[in-house]
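This report concerns only the one structure given below.
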Amino acid sequence: MNSYKSSESESGSESETKGPEVTEPDIKTVSEKMESSTRRRLAANARERRRMQGLNTAFDRLRKVVPQWGQDKKLSKYETLQMALSYIIALNRILSEAERYCTERDWINLHHDHFHQENYHPYLGARSPANADNYTQNIFSCQHENFQFVN
DNA sequence: TAGGCCATCTGGTCCT
DNA sequence: AGGACCAGATGGCCTA
0 MNSYKSSESE SGSESETKGP EVTEPDIKTV SEKMESSTRR RLAANARERR
50 RMQGLNTAFD RLRKVVPQWG QDKKLSKYET LQMALSYIIA LNRILSEAER
100 YCTERDWINL HHDHFHQENY HPYLGARSPA NADNYTQNIF SCQHENFQFV
150 N
């Protein structure tokens with residue numbers, strides 16, 4: 000654009016006329032600094048790429064252990080987190096309920112009930128993040144009743 | 001074609 | 001100073 004061009008030409012003419020004299024060591028220092036800066040940026044980019052790849056690997060591992068009934072399409076990161084949350088809460092509920100049922104038969108019946116697909120319908124039906132948020136809120140509203148943190 | 005999801009780059013902040 | 005983490009911007013790919 001014009002502004003860019005004019006400012007560029009201004010600085011150019013300034014250095015020609017009254018700018019500070021640039022010596023050979025100064026030029027070398029400036030170019031070395033730029034080179035160093037570029038090198039650091041590229042290294043940071045590579046580290047960030049590795050970091051994100053690590054994060055994605057973790058998401059893939061999480062997807063493998065989280066239920067995915069009838070969904071041929073892989074869960075998005077957001078969906079994976081939501082499903083993991085739902086799954087953990089369900090497992091936790093089973094554990095706490097199991098403590099209340101003394102006979103093995105009762106426990107097996109409970110186990111079957113909890114892992115039936117219908118229990119996850121609220122999440123699977125949540126297509127938009129807004130709906131998913133509502134579901135999360137519902138989950139958390141139950142969480143206070145069901146979770147007890149042990150030191 | 002719009003919208004969702006994702007990878008990458010980038011600059012800022014905090015920590016060691 | 002350098003690394004880790006984060007959030008915003010951007011562009012590509014895919015699907016309804």
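Residues in the first sequence are numbered from 0 upward in steps of one, following numbering that gives the first Met the number 0. We put the beta carbon where it would ideally sit given N, CA and C, even for glycine. Source: prediction; values computed, not measured.
Taking a 10 Å sphere around the C-beta of M82, we find 16 or more other C-beta atoms and assign the residue as buried. Using a 10 angstroms sphere on the CB of S85, the tally of other CB atoms reaches 16 or more, which defines it as buried. In the assembly as shown, E31 is an exposed residue. Its beta-carbon has fewer than 16 other beta-carbons within 10 Å.
Under the DSSP assignment, L94 falls in the alpha helix (DSSP H) whose first and last residues are K76 to R99.
For E78, the number of other beta carbons within 10 angstroms of its own is at least 16, and it is reported as buried.
If you draw a straight line from the Cα of F58 to the Cα of N44, it is about 21 Å long.
When the beta-carbon positions are compared, R62 and L74 come within less than 8 Å of each other.
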